[in-house]
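J.: One structure follows; several queries about it will come next.
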Amino acid sequence: MNKNYSISDLNLIAKRILATTKHKTLLFYGEMGAGKTTLIKELCKELGIEDVASSPTFSLVNEYHTVKNDIVYHFDFYRIEDENEALDIGIEDYFYSNAWCLIEWPKNIENLLPLESTEIHISVLENGQRNIQLK
C-alpha cells in the first residue's frame, strides 16, 4: 500500500492497514510530527478500544483492552538510550504474546524486533498531507 492521505482519511487508512497486514506487530517509521501516534489512535479505535489511546513516551508501553477483550500494546521507544532498557521491561514477552504490538521509533530497538512484522512508513508532504507505505 502506498497512499497519500489527509486527516479526514485516517479512518479508511486504518481499516485498510488492518485488512491487509499479515502480522500483529506494526512498526511505525516517520519523523517527529509525521502522524505516527495519530494513526495509532485510529487503529486502536478500529480494533475496538474504547479508551483514549495516548503515546507512552515516558512509560515505554501502554496496554489497552478491546471490547472483545483482546490486548493491544502501544510502544514508544523515542527516549530509549539502550536496547537493554527494552529488555528490562520484558519486551520479548510482549512481542511473542500474540497481542497487537504497535511500535513507534522501532529503529531504537532494531536488534530486538520480531521478524514477522509490518513496517509503516509515514512522511509529510509539502501540501500537509501524509504519504504512507506498508512494507
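In the numbering used here, the protein residues as written are 268 to 402. Using N, Cα and C, we set each Cβ at its ideal position, and we do this for glycine too.
For Q400, write down the residues that DSSP places opposite it in a beta bridge.
T.: Looking up residue 400 in the sequence shown gives position 133. According to DSSP, which records beta bridges pairwise, Q400 is partnered with N269, H388.
J.: Can you give me the Cβ contacts of I338 inside the same chain, cut-off strictly under 8 Å, excluding the 5 residues immediately before and after it?
T.: The residue you call residue 338 lines up with position 71 of the sequence shown. Cβ within range, chain order: E330, Y331, H332, S364, A366, W367.
J.: Exposed or buried, A320, counting other C-beta atoms within 10 Å across all chains shown (16 or more means buried)?
T.: Start at 1 with the first residue of the sequence shown, and residue 320 comes out as number 53. Classification of A320: buried, given that the 10 Å Cβ count is 16 or more.
J.: Nearest-angstrom Cα distance between E313 and N278?
T.: Within the sequence shown, residue 313 is the residue found at index 46, counting from 1. Within the sequence shown, residue 278 is the residue found at index 11, counting from 1. Cα to Cα, the separation comes out at about 8 Å.
J.: Would the region 382-393 count as touching the region 341-361 if we require 3 or more Cβ pairs under 8 Å?
T.: At 8 Å Cβ cutoff, the stretches do not touch.
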